[in-house]
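Chains as they are written, first to last, in my numbering: chain P, 1 to 348; chain F, 349 to 696; chain X, 697 to 1044; chain U, 1045 to 1392.
Shown next, in structure tokens, is the structure this report addresses.
4 protein chains.
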Amino acid sequence: MKAAVFYGPKDLRIEERPVPAIADNEVLLQVKACAICGSDVRTYNFGAGNITEPVITGHEVSGVVAAVGKRVSGYRTGQRVTVAPAIPCGECPYCARGIQTMCDNLRSIGYQFHGGFAEYMVVPHTAVKAGCINTIPEDVSFDEATLAEPLACAINGQELLNVGMEDTVVIIGAGPLGCMHVDLARTRGARKIVLADMRERRLELARPFGADVLVNVEKENLEERVRQETGGCGADVVIVSAPSGKAQEQALLLAAKHGRISFFGGLPKTSPTISLNANLVHYKELFIMGAYGSKPRHNRMGLDLLASGKIHCSSLIGLTVPVERIVEAMGAVSEGTILKAVVRPDGQ
Amino acid sequence: MKAAVFYGPKDLRIEERPVPAIADNEVLLQVKACAICGSDVRTYNFGAGNITEPVITGHEVSGVVAAVGKRVSGYRTGQRVTVAPAIPCGECPYCARGIQTMCDNLRSIGYQFHGGFAEYMVVPHTAVKAGCINTIPEDVSFDEATLAEPLACAINGQELLNVGMEDTVVIIGAGPLGCMHVDLARTRGARKIVLADMRERRLELARPFGADVLVNVEKENLEERVRQETGGCGADVVIVSAPSGKAQEQALLLAAKHGRISFFGGLPKTSPTISLNANLVHYKELFIMGAYGSKPRHNRMGLDLLASGKIHCSSLIGLTVPVERIVEAMGAVSEGTILKAVVRPDGQ
Amino acid sequence: MKAAVFYGPKDLRIEERPVPAIADNEVLLQVKACAICGSDVRTYNFGAGNITEPVITGHEVSGVVAAVGKRVSGYRTGQRVTVAPAIPCGECPYCARGIQTMCDNLRSIGYQFHGGFAEYMVVPHTAVKAGCINTIPEDVSFDEATLAEPLACAINGQELLNVGMEDTVVIIGAGPLGCMHVDLARTRGARKIVLADMRERRLELARPFGADVLVNVEKENLEERVRQETGGCGADVVIVSAPSGKAQEQALLLAAKHGRISFFGGLPKTSPTISLNANLVHYKELFIMGAYGSKPRHNRMGLDLLASGKIHCSSLIGLTVPVERIVEAMGAVSEGTILKAVVRPDGQ
Amino acid sequence: MKAAVFYGPKDLRIEERPVPAIADNEVLLQVKACAICGSDVRTYNFGAGNITEPVITGHEVSGVVAAVGKRVSGYRTGQRVTVAPAIPCGECPYCARGIQTMCDNLRSIGYQFHGGFAEYMVVPHTAVKAGCINTIPEDVSFDEATLAEPLACAINGQELLNVGMEDTVVIIGAGPLGCMHVDLARTRGARKIVLADMRERRLELARPFGADVLVNVEKENLEERVRQETGGCGADVVIVSAPSGKAQEQALLLAAKHGRISFFGGLPKTSPTISLNANLVHYKELFIMGAYGSKPRHNRMGLDLLASGKIHCSSLIGLTVPVERIVEAMGAVSEGTILKAVVRPDGQ
């Protein structure tokens, strides 16, 4: 099979490898599509701490069940599925409380296990057991189904924030995840959605997602605009979906009293420190929270949403390439000419 | 009547004033005891932004109903009561949602209204309406009853944190509020309570409150100790009950994954900025929240607790003085030789 | 002014009355539309315990501010508004906790105060203070705005149930409230919505509301269908929006383990008793809850929703009549030929 | 080994059996103590639907690890432990959400697996994996440790009810579970606790648990007393910890508006139906909920509580017998001369 194997920063090799064998309790996936995540691009450029090279990366994956271990039940060859990549152990205290994102033994496809930038991928036993394999609904294509993974992360974030009907939601960052947050806040019935970015082109691409207000922060004062849109009160919810410490700091000024703020994305490892006015937290009784990855059931919810017709995020995919052109696709994502690219390992 | 009137920083004058008259919808309180809050000392030393001098400060107050306006029902002369000093309007969106601490029209006794460092005090109509007057239970003395107010603030903080039976709680700061947090966390059934301070004497005074672990952070590494006490997991809850940015920053390191952190106290207005590792919030899915003042019902809960015999905080009171000696008592609080001082305006 | 005055069961008289005077702290409403609630029909037919006749009934009201008492601020003559009819006191323990539906001193327009089946209506001081007057958004007509009131009741019910994205929701009863529940569950992002009724015509009228599944319980076994639609698990949420004890009893069979059930409507006062299998509650850890009326902020949310274009419920209005024809309109509602009728007191 | 084997109603035989062998992923427990649950007595008298005879019953078990399968890590021979008997699968949707009590594949020790009325007991692989084995804290005896299981059920119930500091809690039924509910409500800081029973002797035995009010419902009107104790409001929480439909019906009258009610115990299978005034649920916005068994982490919390010294429930144990006298001990429990009996299979 063809595979894109990561050997280290800027060293991604297209290799012929044997189709992997599976154990009795595993499942073999024929990968049909694997979308490129921003973190894949970061790994390609700079490496990642939690990876032992060489490894096949790629974790936003969909495909067809190619083989089923004889001790696995519930799956059949030919089944169209996605695989949630973050695999919880099911046994630690966090798993017992249903907080799989914080699993003490979390291991991930595309990191500790080979991922989806290859024609075939093994679904490890732990993933089978944890319910990571989900059937793709009929009307959802393989390409679209790859979006269930990032969508699941947004679902986790908004579940923690408990976004609801009374909320004016400000989303900072009109990248793929920001757009999904718009989709999701609308689905949850949010009263008003404000989407902010510094690049006009991004905002243009995001327009169809249906935010009530688009703000180009280079041209307009975001704090003032949010005050206007909220009768002076500030936003009930602020989601920082951009790797920007400045945006995180600003979130405290955008939020209403008792407002909820999500540091949805991580900051670069080299500069994770921000300067926070702690008295805003104290006097406004703010709630700042993180959101890291997703739970297996969030992936199922993502597929349900994709099938429901309620959301627009399949329009994010601006490029599909065979695995040989993966580096080129990563470049297009980096430059921002497209929001999302999908690798089809079988070249079809 | 005798009153301690604040004219500006370091200018607190003991004056003879007429007993104030009340309107038909107000209540007159004969003050029996008014405890000195840390903020009273700060106001005395540096002034406060939200005060128009001259004003009688003091907001941790108990006494006897001396007169009842003829349009007020439910109170009678001679009744032993406290008055919750933060008066919500009852009509704004925050009040409608039961979040009186964030009331858009909050006004406070001892700030916008004359307070308790005087023999008599008017309870404004809005306070009467908002349920700020609470009967003191039989077994609770006037001195003890003044503690209902700071206790109410701790109750508000732990209610937001939802401290419960599975929680290991770290409290930073063994001042009066820190001690009350110990009392309260124990009352709520917390699994283990760690109290930390940098002064040995404070920890000694706090010992009877029954924290499971006392840590002098000058002598012992707090992070290491918390790891030990939690099997390496970190604390479920961290309450920063000290005006220290460093302690707030450290809280993120002390907390377990999915841990809850309260920036319970404000930082000095001149240096409210802290350096936060935002990636800890993101990757550990932490929850940072503020807590500001209290709701009228928290004051009632405070009195109930004082009457219940479950808590120790009446031992905090180390000094009672007549109003003439208020400045001296403030000094004793500042120096930390005692934790809490009470002014008895009638000198008895 | 013309008014429909209720003197007792079956005795509703159209009278000429003077336009009422208002006190300094009240507001006068020129009624433009007042919808007929099922409870209005019940009162007309059987009387009501909490009414002192003669009284003008009608509580789903919209209109124009005709006069503003001189001690009232925030409103102006000519303003298009609705009035939330259930007036909380703002001072009792339930109000303090934000649970205005359970206010100890609740009084209602159309019951203890004269209501909207007249050309003019006084908005009592307590209603002004409690935020019961809400501006009608520009694109919402007076007729539509009357729906904010029943919609608010549905909002209260689903807020208590916390209906969300993972929920399959079964709604029993395709009357006006049942249809609003469909609208609302969809707005909150519910995964799948099943609407059941025993009358085909009702289901036909409800079709445009977009429930995923319509079930005529006379023709189809509801329990079986719900099992089918939920992979055998049962419904996450069951809303009984019909005055039927049998439906309430059945709800326990329809619900999944850990399912949430709302006894949304009251049963006839003469037969409020149902036979419940208590072991289903115990072994399935079910949650049964009530929902009674709404809070002022729910009315505001109702108007927001009507303006948002997300819901269809304005199609419910099948008849508009002048006040003289109110009894005829009540008949049409009773017979079920239409779902909702609106009285326009000024005959326009 | 000696074992009490259940062959059918009234047919419990003391047999010599070989010590069971364990698989590589199992653990062998030398049983030191196994308390008799009310359900054990019911099974002895009437059989149980979910049992295939012959089986060794008994599920409130403590002992010493006698052997550890070679693929099991984390346990060592000689370790003092309890085993939570309700074993969740860790893979179904309920387990994924942390609701192990509702596990789709729940199997239990003493029902589907041999239990603790024998000298040795196998801990099945699924129980090992699910964290059902918990170390007994040093100061807790084997007899006391058996109480972690029923205590865990009470913990589950009060967690669902969210019992807290503002709650007046009425507990109906002063059996072992009722007493544990008193212990637990006090631990969670409940404001006032009322315990009701119809037998004076039970109330006497329950007195040391420290309920604020004891009510003999044969001598005193419970509804009236609860009104008195709550200033006419009714109870915030009512826990029906007795197999009585009448008590469940009464709970709705005892509860305050917005009150929370737990149908904590099941009713006899032959008469599970109660007559409920559904309008009380509707108009008072009550919350009725069930509580079934416990989660593995609740057992850990139970042991923590037993070690904490905060609770009194070890005084419940009124009789310890060797396994040969198990039927006699069941009789004593049935007759109510003691609240709790413990079988020590090794006769020591």
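Here a beta-carbon is modelled for each residue, glycine too, at the ideal position from N, C-alpha and C.
Because the structure is a prediction, the values reported are computed rather than measured.
Can you pull the chain X residues whose beta carbon is under 7 Å from the beta carbon of residue i, in chain order?
i         : result
Asp304/P  : Arg887
Leu1311/U : Ala974 and Asn975
His1356/U : Ordered by position in chain X, no residue passes the 7 Å Cβ test against His1356/U, which lies about 26 Å from the chain.
For a contact defined as C-beta to C-beta under 9 Å, what are the partners of residue i on chain P?
i         : result
Pro1340/U : Ala96
Gly1337/U : Result: empty, since nearest Cβ-Cβ is about 15 Å, beyond 9 Å.
Should residue i be labelled buried (16 or more other beta-carbon atoms within 10 Å of its own) or exposed?
i         : result
Glu1020/X : exposed
Phe1253/U : buried
Glu548/F  : exposed
Ser1315/U : exposed
Ser1045/X : The shown model of chain X, from 697 to 1044, leaves out residue 1045/X, and the question about it has no answer.
Phe46/P   : exposed
Thr1190/U : buried
Lys643/F  : buried
Asp893/X  : buried
Tyr703/X  : exposed
Asn746/X  : exposed
For a contact defined as C-beta to C-beta under 8 Å, what are the partners of residue i on chain P?
i        : result
Arg884/X : Gly164, Met165, Arg188 and Gly189
With distance defined between alpha-carbon atoms, name the residue in the options nearest to residue i.
i         : options                                    : result
Lys766/X  : Ala717/X, Gln924/X and Ala931/X            : Ala717/X
Ser1378/U : Thr1087/U, Thr1096/U and Lys1301/U         : Thr1087/U
Asn25/P   : Ser108/P, Ala130/P and Leu106/P            : Ala130/P
Lys1046/U : Leu1383/U, Lys1076/U and Ala1067/U         : Lys1076/U
Glu914/X  : Ala907/X, Ile889/X and Ala943/X            : Ala943/X
Gly38/P   : Ala341/P, Pro345/P, Asp346/P and Gln348/P  : Ala341/P
Arg713/X  : Pro833/X, Gly989/X, Met817/X and Gly1043/X : Met817/X
His606/F  : Leu615/F, Pro616/F and Leu628/F            : Leu628/F
Glu507/F  : Pro524/F, Leu532/F and Val488/F            : Leu532/F
Lys1328/U : Leu1002/X, Gly941/X, Glu916/X and Asp800/X : Asp800/X
Ala987/X  : Cys785/X, Thr778/X and Ala850/X            : Ala850/X
Pro150/P  : Leu161/P, Gly178/P and Thr168/P            : Gly178/P
Val1127/U : Asn1265/U, Asp1256/U and Ala1171/U         : Ala1171/U
Val471/F  : Val488/F, Pro433/F, Gly593/F and Pro693/F  : Pro433/F
Kindly identify the DSSP beta-bridge partner or partners of residue i.
i         : result
Asn995/X  : In the DSSP output, where bridge partners are listed per residue, Asn995/X has none listed.
Asn912/X  : Asp893/X
Val1214/U : Val1238/U and Val1282/U
Gln1393/U : Missing from the structure shown is residue 1393/U; chain U here goes from 1045 to 1392 and no further.
Lys617/F  : Answer by DSSP bridge pairing: none, since Lys617/F is not bridged.
Met1333/U : Phe983/X and Ser1306/U
Ile435/F  : Arg455/F
Show which residues of chain X have a CB atom less than 9 Å away from the CB atom of residue i.
i         : result
Met301/P  : Met861, Glu862 and Arg887
Gly1289/U : Ala974
Glu439/F  : Gly786, Lys825, Ala826 and Gly827
Taking residue i as the query, report the chain U residues whose CB atoms sit under 8 Å from its CB, ordered along the chain.
i        : result
Gly74/P  : Result: empty, since nearest Cβ-Cβ is about 10 Å, beyond 8 Å.
His810/X : Chain U residues near His810/X: none, gap ~24 Å exceeds 8 Å.
Mind listing the chain U neighbours of residue i? Cutoff is C-beta to C-beta under 7 Å, in chain order.
i        : result
Phe959/X : Ala1322, Val1325 and His1326
Can you tell me whether residue i sits near the ligand FMN, meaning its C-beta is under 7 Å from at least one heavy atom of the ligand?
i         : result
Tyr1327/U : The ligand FMN is not part of this structure, which contains no ligands at all.
Can you pull the chain F neighbours of residue i, defined as C-beta to C-beta under 8 Å?
i        : result
Thr101/P : Glu633
(request) Anything in the stretch 968 to 985 of chain X with a Cβ closer than 9 Å to a Cβ of chain U? List those residues in chain order, please. (result) Listed by position, the residues of the stretch 968 to 985 of chain X near chain U (Cβ gap below 9 Å) are Pro968, Thr969, Ile970, Ser971, Leu972, Asn973, Ala974, Asn975, Leu976, Val977, His978, Tyr979, Lys980, Glu981, Leu982, Phe983, Ile984 and Met985.
(request) Compile a chain-ordered list of the residues in the stretch 397 to 423 of chain F whose CB is closer than 8 Å to at least one CB of chain P. (result) none
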